[in-house]
Every structure is written in structure tokens, then in C-alpha cells.
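Shown next, in C-alpha cells, is the structure this report addresses.
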Amino acid sequence: MPTVLEILAHAPASVPVTHPAPEAARFFAQGELPLDALVVEVDGFGPLAQPLPAERAQALQALSAPARFGRREQTLLDTRVRHTGEIDADRLALQWPTGGFARLQQEVARALGVEQLDAALHNLLIYGAGQFFKPHQDTERHPRMVATLVLVWPSAHLGGDLRVTLGSDEGLLASQHLQAPTLRWFAFYADCRHEVLPVSEGWRVVLTFDLMVPAQTASPRFPPAWLADLQAALQLEVDAQPEARAWVLLLDHEYTEHGLRWPLLKGDDRWRVAALRTAAQALGLQQHLALAELHETWNAQPVFRSRVSRSGRTYDEITDEVSPQDLIDAEMTLDFWVDTQDRVSRKGHLTIDPQQVLSFVATGEDHRTAEEYEGYMGNYGDTLDYWYRRAALVIRSPLAEARDAFTLDFDAALAEARRLAADPAQAAALTARVKAADRALQDRIQQQGRALLEACMDLAVGMDDVEAAVALLLHFDPTSFLPEDAATLARLARSGHGSQGLLRLLQAWYAPDGRPWYRAGPWRAGASPFTPPSLWPADLAAFVTAAQAAAWPAECLTAFFRVGLVLLARFHRSAQDITPAQRQALQPALIAQVADWARVLVAVPTQALLPASATAPDVPHPLHGLIDAVLCCPLLYPLADLVGVVQACGPVARTWPPTDSLAAQVQAALRAELDEPPRAADDHRLRRVAWTCRCKDCAQVIAWAEEASAQPLVLSMAEQWRVHVQQRCEAAGAGLSFQTVKQGLPYKLVLAKPRDLHLREQLRRTQCSRDHAMLARAAASPWTPATMRTGSSSA
Ligand SMILES: O=C(O)CCC(=O)C(=O)O
Ligand SMILES: [Fe+2]
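Next comes the structure, spelled out in C-alpha cells:
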């Protein structure tokens, strides 16, 4: 089965072109008219004779102005680029015999492969000997201008060939003659680079016309069998695109943003695109014209020049030029779109694989818009970057187009998907679209966060697949939610997905994988300062109140707490690896955070949670779960520091765990500390230090630290050991101070104990005894009626 390119390599016979051979280039054309087909009169000069004698031509040039040329927005005069005389159209009067001009236009159009073209006189040019016009592209002066027509007046001259190129194709249009039997005409598409070579003798006189495509043109007809083959080949190739990517054909001609329109296509692009469009339409595929930018990065090598030394030896000399060697990277992006209604969109960039792109004309220097040389770039050495601009036809399945829309114009794509979501009949289509666009949705949700929750919930509830709905919402970070988001989440439970939907989402959020928000957690290795984990929305109290107001099903609210506690336990496990010093830094905030959570949990009424007897009798009340988690980690939560947590837990602290309650354990720990004899005035021992190394050098330090003496310790040792001892003591959070004395060899490390040991312990004792007294008072006071379930085991 032939490929699309093979089928499109030759125009079917029905395409309106009158070429000697079908494969002949269609970017330029030539023809002739009888001499009497045109009379030209020049204002202030009179009619042009046929042929124009040399002295009249010279007089005509005297009347003309030096021709300018356009470069971007400017019009320039530079005889190194363009050296010729010009007379504007408003000083020219043309007379054609009846129907003569229309016939010429028709002939030119057919020769260029266009159904119809309108010609408008632009100017008259007079080139004397040595005059020329260097390679350039013509400015498209009218909105629908696509090509240029040159009419050669009989005026003897030699040289002055017009050379036209497209990619690597080239055409030579020779105007030279001594005696012209006809009026010759040349036509070429305006994007094609062309030049007028120097006239060597005589006078070259030409009229130029702008060629425009009329507003209404008929599209070509194609043989049905040929079209059926094209359609089958296209279907195969579109289906074969990996990940339903776009099928892209680069067009032969260059187009500006103004010129890239369906009716204004040039040459072979015209019929090929028309045929592909017909085929794509029949297949239900979407079509766009687009501008593509190709960016290549090459490895650059210096250019050497061969030289001969005085002694006659040849050698290579380095020049300051570089040449590309190996292609390191190539990327293509589509960034300017024209839909089938000729509506333009400049939104977004779609990246495509340049390897997958088809074309008849290879991308070359003519398409290059910029280049950049970079000196040494790490791994790559020197690099050369090139940028190229091409126009393209893009064909995609409707699903791929909808998917890409999320990359190109996210807001519009989201609005469109929300419209789908409002129509229950579209639930399956919506699911397919959201699944296809997952990457783009994830990127956006990561950037914009909860601002997209409402919109994405619209999609989730409109989808017919709970897995896909959960996968979409999973991209949100549940710790970033504001209280009002609780109501939005409740919509999932109220939708067709039911409370199972919300339940699965909660479980997925907190599952060990697929949680980018958790993986980036602050306690990860190297993160500093060590902060408590965020498990729930920052304003948990308000969020939980809002969840209750929005009637979260009891099993969902219970799961919401439970999955967070599972995560807390995981945090506790990862915190086992941190140093005692890091633990000390973390503890105050962590304990305060746990107390905050406890206060929220105390306030949740029992009826808002899953009844213990209902499905899982072993499910503890979340507050019990929190207390259990804390008691599991005595290193992170020293009992004597948990008075705030006891207070936050309210009466539950005195009943949980049932065997030995939190309040009782804390009270006992405080008692034990108070029972230790106070430190004697001459006692400077360090106590309760979790030393992290007991090597020979560290052992010396530990022995000294545990002595009563207040004297500093002087260690004479090489730098590597000084660093080791200091680091290990610091990691242990021992509170020692260090000084390096640069005397003798090796230098000395001087260690000193904290000066305020006594004061600190005294303050701590006062605090302990105050806390202890308070707990004792609370234990003696009557119980406030429990507002909460006390758990299955005490029921
Ligand atoms: O003189 C010609 O044949 C062509 C002139 C031309 O390229 C122009 O006017 O842009
Ligand atoms: Fe030109």
C-alpha cells in the first residue's frame, strides 16, 4: 500500500495545471503573448515603442527613480542590493485588447496551479548595463497576494536572467533578446527567493504585477479512486502515530502569519492540502494549518584551512569559523494555528517530534531564521543552534485535538470539558478526554493548585469512571485545601461515584506512592529546618467543621483522619534516621502540632464519625489513634514534654490507653524527673546525651562530659579528627562549645561544657513541678461529660 507521500508525489490529472510534465516544479512559470497584446503609455514620456530603442530606454531611465526594496518594516535604498530604475504604476497606462488581460490572468493562474488569479500592475523597471537585484523574497503587499508576474518589454539586452529557487529547486527565466517576436512573461510565488542577475549589455525593461487569489475560488476535484487510496493511507498513518500525536506534513512554500490561510496556499501545497483536507474530513479527523519552529543544537567544530608554509610543507591552520558536526538535539514546536474556518490562534506551544514530520521539500538554509554559537557547554563542547520556520498541515483525531487543547489553551479546553460534564450523555467522552489530557491537567494543577479544584470536581462528577475521576483529583495536594474545599469534595460523595468515590480518593491521596505532595515532604533527607509534617489542610479545625456542614459521610471523615495518621506513622519511621540534634530542633513544633490536631479531634462529635460497631470494630477513634502514635515514639515525644498534648486531649487523656492512660504516663514521667536529686553546685556532668559515636576520640570526650569537672577538655589532634569529634558532638545535641587553638602541631581542639547547666535544670524543675501539680489537680477534678465515643475496647 503506497504511503501518503507516494500518493501525493504526482498530481492527479484533474488538478488544473498546464504543465509540460506533471512533476515539473510549480513554483514558477513562463509564457508569452503576441506583441500587439499590450500598449503601454508612460506619463510624461508617451507610448513605449516596440522594440524600445536604446536611447529611448535611456531617456526612460532618466525619468525613473532609483528602486528601493523592503527589509522587514523598512524600505531601503542600497545599490549594492538593488540597482535599477523604477516608475510607479500611477504613471503608467495599460491598454489590453478586449478579454486580453483576463486571458493572461487565466493562463498565469493555471500555470501556477491556482484556479484563478487577479493581477494588479505594480511598476515598470529599467535595468541598464551592470544593474541587478540581489536574492530576495517579495513582500506580500496585498492581503491575498501570493505571487509576482513579470512582463518583459521588447528592448534589446543581454544578461539579466531571473533566477528563482524553492528549497533546492531552481528555475532560470531568461529575458535576454536582441529582437523579441513576443511579449514574454514570468511568474513565481512571492515566498520563493529570486534574483535578477546583472544586465551585461542593453536595457532590460519589465512591467511587474502583484498576483492575488480572489476571495472565492473553486476547489479542485479529485478522482474518487485516487481519493479513496489517499484516505486509506492517511487513516493508517494517523492511527500509527505514537500516543495519538499529530500527523504533520511540512508545506513546500513559506508563509507569513498573514499569508498562512487555506485559500492562499501556493503551488503544490494547494492541491495536496485540498486533497488531504477532503480525506481527513471523510475520516472525521481535525485539520489545521500551523507554523512550526524547528530548533536544532549541533556540536560545533572549528574550521581548519590548509596552508603552505615557506618551506613548502602544507599544514592546517585554525580559523575563527565553526561548522556543525553532530546533531545533539532537535525539537519542533507548533505555535500559530489556523482552523478550517481560517480563524487564527496564537495560543500555546505544542511540541512534536521532528523525526515524525513529513515533507516534500527538506528544511534548509532558506528556512533558517536565526543561529547562535555558544562556546564550551559542559558535556557538549561548543554548540551551534539553528532555528527554522516552516508551515505545516496538522491532522489529528478529535480526541488528540481535545487533548492538545489542554496544552495550547488550557482555560478554553477546561471550559469546554466542563460543558461536556454538564451533559450526562457525554460522560464516556469526557472520561476519555480527561484521561488523554492527564499530563497537561497534572502540570496545571501543580502550578495552580486548589484554584482548579472546583472546575476539576465538575469534571470528576461528570465522568463515568470512578478510577479516572479519582486519578484526576489525586493531582491536588490535600494539605493545601482551604475550609471551603471541604464542600467541593463532598460533591464527589454526592455524585454517582458515591461515598466510595471520596473514600477511594482519600486512600489514594495518602497511599505510599503517587503522592508528589508527600514525596516532597519537609522531613526528607537534607531538608532543613526540620518541620512537622503537614498531613491535613493547614486550618484543620475549620476544614473539619466545613466537612461536617457539607455532610461528609461518616466513613469518609473517619478515613480522612485515619489515612493522615497512617502517614504520621510513616513520618515517625523516617524520623528515626535523624540525629538527636535535629530531633531537638524538631520537637517543640512537632509536639505543638500534635496538640493542635488533638484539639481538633476532640471537637469532632461522635456521630460525625464511623460508629465503632458498624464495620470495623478495631478502628480506634482518631484521637485514640493519635495518642497511640505518640506513645509509640518516646524519642520524638518524651513523656515529660507532653503536658500540652494531655491538655489538648481533654478527658480522653485520662482514659486512653485503657491500661495506662496518657495523663498517667506523663504524670509519672514528671514525678520521676522531680524525684532525681537536684544537681550539686560543683556537678557539671552532662546527662541524657544520646552520643552518636563512641570511637576512641569521641570516647575521651564522653568520659570528660560525664565527669563532674567544669574544666575544658583540650585535644591535640589532626584536622580530620578535630572535625569528626566536633561534628559528632554537635549531632548529639550535647550543647558543647568548640574552639580550635592554632598552637603547636597538631592544633588543639578545646571543648567547653555549657555554663548555664544549673540554671537550665532549675527552670526545668520548676516547670515540671508546675505541670505535675496541674495534672494532679485535673485528675482530682470531676469528669466533664465525654462528648465523644471512647472507643470499642472501653465500650
Ligand atoms: O526584474 C525582475 O524580473 C524582477 C524584479 C523583482 O524581483 C521585484 O521587483 O521584486
Ligand atoms: Fe522580487
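Under full-length UniProt numbering, the first residue of the sequence shown is numbered 1, with each subsequent residue one higher. The C-beta atom is built at its ideal place from N, Cα and C for all residues, glycine as well. Being a predicted model, the structure only gives us computed values, none of them experimental.
Might you give, ordered along the chain, the residues of its own chain that have their beta carbon closer than 6 angstroms to the beta carbon of Thr351, omitting 5 neighbours on each side?
Numbered from 1 along the sequence shown, position 351 holds the residue referred to as residue 351. Thr333.
Just to confirm before moving on: does the CB-CB distance between Ala550 and Ala603 stay below 8 angstroms?
Here residue 550 refers to the residue found at position 550 of the sequence shown. Here residue 603 refers to the residue found at position 603 of the sequence shown. No, these two residues do not count as a Cβ contact at 8 angstroms.
Comparing the CB of Asp161 with every heavy atom of ligand 2, is any distance shorter than 7 angstroms?
Translated into positions along the sequence shown, residue 161 becomes position 161. The answer is no for Asp161.
Is the stretch 229-241 touching the stretch 131-148 in the sense that three or more CB pairs, one from each, lie closer than 8 angstroms?
no
State the DSSP-derived secondary structure class of Ser716, mapped to helix, strand or coil.
The sequence position of residue 716 within the sequence shown is 716, counting from 1. Residue state, collapsed to three classes: strand.
Judging by CA-CA distance, which residue of Glu6, Arg91 and Phe360 is the nearest neighbour of Leu166?
Position 166 of the sequence shown, counting from 1, holds the residue named residue 166. Here the closest residue by C-alpha is Phe360.
Enumerate in chain order the residues of its own chain whose CB-to-CB distance from residue 800 is below 6 angstroms, with the five nearest sequence positions on each side excluded.
Past the edges of the chain, shown from 1 to 795, lies residue 800, and the structure says nothing about it.
May I have a chain-ordered list of the beta strand (DSSP E) segments no shorter than 3 residues that lie completely inside the stretch 388-442?
none
Contact set for Pro398: own chain, Cβ-Cβ below 8 angstroms, skip 5 residues either direction
Here residue 398 refers to the residue found at position 398 of the sequence shown. Correct list, in chain order: Gly284, Leu285 and Gln286.
What do you get for Cys695, buried or exposed, if any count of 16 or more other CB atoms within 10 angstroms of its CB means buried?
On the sequence shown, residue 695 is found 695 positions in, with the first residue counted as 1. Under this definition Cys695 is an exposed residue.
Is it the case that the CB of His253 approaches a heavy atom of ligand 2 more closely than 7 angstroms?
Indexing the sequence shown from 1 puts residue 253 at position 253. No.
Cα-Cα separation, His684 to Thr740
Along the sequence shown, read from residue 1 onward, the residue named residue 684 stands at position 684. Along the sequence shown, read from residue 1 onward, the residue named residue 740 stands at position 740. Using only the alpha carbons, I get a separation of about 22 angstroms.
Under DSSP, the beta strand (DSSP E) around Thr182 begins and ends at which residues?
Working through the sequence shown from its first residue, we reach residue 182 at position 182. Thr182 -> beta strand (DSSP E) spans Thr182 to Tyr189.
Would you check if the distance between the CB atom of Gly564 and the CB atom of Leu610 is smaller than 8 angstroms?
Walking along the sequence shown from the start, residue 564 turns up at place 564. Walking along the sequence shown from the start, residue 610 turns up at place 610. No, the Cβ-Cβ distance between Gly564 and Leu610 is not below 8 angstroms.
In angstroms with no decimal places, state the Cα-to-Cα distance between Asp771 and Leu636.
If you number the sequence shown from 1, residue 771 lands on position 771. If you number the sequence shown from 1, residue 636 lands on position 636. Straight-line Cα distance between these residues: approximately 19 angstroms.
Ligand 2 and Asp138: does the residue's C-beta get closer than 7 angstroms to at least one heavy atom of that ligand?
In the sequence shown, the residue the question calls residue 138 occupies position 138. Result yes, Cβ under 7 angstroms from ligand 2.
By Cβ distance below 8 angstroms, which residues in the same chain neighbour Thr182 in space, the five residues on each side in sequence not counted?
Here residue 182 corresponds to residue number 182 of the sequence shown, with the count starting at 1. Counting only Cβ-Cβ distances below 8 angstroms, and skipping sequence neighbours, we find Glu32, Leu33, Pro34 and Leu35.
Between which residues of its own chain and Val4 is the CB-CB distance below 8 angstroms, once the five residues before and five after are set aside?
As a first step, residue 4 must be located in the sequence shown, where it is residue number 4. The answer, listed in chain order, is Leu230, Ala233, Leu234, Glu237, Leu249, Leu276 and Leu358.
For Leu8, collect the residues of the same chain with a Cβ closer than 6 angstroms to its Cβ; drop the 5 residues on either side in sequence, then sort them by chain order.
One-based indexing of the sequence shown puts residue 8 at position 8. The answer, listed in chain order, is Arg272.
With DSSP as the reference, please indicate the residues paired to Gln74 in a beta bridge.
Within the sequence shown, numbered from 1, the residue matching residue 74 stands at position 74. Bridge partners of Gln74: Arg71.
Val15 and Gly113 - do their beta-carbons sit closer together than 8 angstroms?
The residue you call residue 113 lines up with position 113 of the sequence shown. The residue you call residue 15 lines up with position 15 of the sequence shown. Result yes, Cβ atoms of Gly113 and Val15 sit closer than 8 angstroms.
Sort out for me which residues DSSP pairs Ser306 with in a bridge.
Walking along the sequence shown from the start, residue 306 turns up at place 306. Partner(s): Asp316.
What did DSSP end up calling Gln137 once you bin it into helix, strand or coil?
By 1-based counting over the sequence shown, the position of residue 137 is 137. Reduced to three states, the DSSP call for Gln137 is coil.
Give a single yes or no on whether His194 has its beta carbon closer than 7 angstroms to a heavy atom of ligand 2.
Locating residue 194 in the sequence shown gives position 194, where the first residue counts as 1. Yes.
Does Cys632 pass the burial test, meaning 16 or more other C-beta atoms within 10 Å, or should it be called exposed?
By one-based count along the sequence shown, residue 632 stands at place 632. Exposed, because fewer than 16 other Cβ atoms sit within 10 Å of the Cβ of Cys632.
Best match in Ala541, Leu474 and Val666 for proximity to Glu484 [C-alpha to C-alpha]:
Within the sequence shown, numbered from 1, the residue matching residue 484 stands at position 484. When each option's Cα is compared against that of Glu484, the closest is Ala541.
For Phe410, which residues in the same chain have their Cβ closer than 6 angstroms to its Cβ, ignoring the five residues on either side in sequence?
Here residue 410 refers to the residue found at position 410 of the sequence shown. If we look at Phe410 and ignore the five residues flanking it on each side, its Cβ neighbours are Arg444.
Which residues in the same chain as residue 797 place their Cβ atom closer than 7 angstroms to its Cβ, once the five residues preceding and following it in sequence are excluded?
Residue 797 lies beyond the stretch modelled for the chain, which goes from 1 to 795, so this question has no answer here.
Does at least one heavy atom of ligand 1 sit under 7 angstroms from the Cβ of Phe101?
Working through the sequence shown from its first residue, we reach residue 101 at position 101. Not under cutoff, so the answer is no.
Have a look at Ala734 and Pro712 and give me their C-alpha separation to the nearest angstrom.
Residue numbering aside, residue 734 sits at position 734 when the sequence shown is read from its first letter. Residue numbering aside, residue 712 sits at position 712 when the sequence shown is read from its first letter. Looking at the two C-alpha atoms, the distance is approximately 14 angstroms.
Are the stretch 185-204 and the stretch 39-47 in contact at 8 angstroms, needing three or more beta carbon pairs?
no
Are there any heavy atoms of ligand 1 lying less than 7 angstroms away from the beta-carbon of Thr79, as far as the coordinates show?
As a working mapping, residue 79 is identified with position 79 in the sequence shown. No, the Cβ of Thr79 stays beyond 7 angstroms of every heavy atom of ligand 1.
Among Asp682, Arg91, Asp628 and Leu674, which one has its Cα closest to the Cα of Thr659?
One-based indexing of the sequence shown puts residue 659 at position 659. With distances taken between Cα atoms, Thr659 lies closest to Asp628.
Can you say whether Arg71 is buried or exposed, counting buried as having 16 or more other CB atoms within 10 angstroms of its CB?
Mapped onto the sequence shown, residue 71 falls at position 71. Exposed is the call here.
Measuring only from the beta carbon, is Thr148 closer than 7 angstroms to any heavy atom that is part of ligand 2?
Taking the first residue of the sequence shown as 1, we reach residue 148 at position 148. Yes, since a heavy atom of ligand 2 falls inside the 7 angstroms radius drawn around the Cβ of Thr148.
Roughly how many whole angstroms lie between the Cα atoms of Gln507 and Val338?
In the sequence shown, counting from the first residue as 1, residue 507 sits at position 507. In the sequence shown, counting from the first residue as 1, residue 338 sits at position 338. Their Cα atoms are separated by approximately 45 angstroms.
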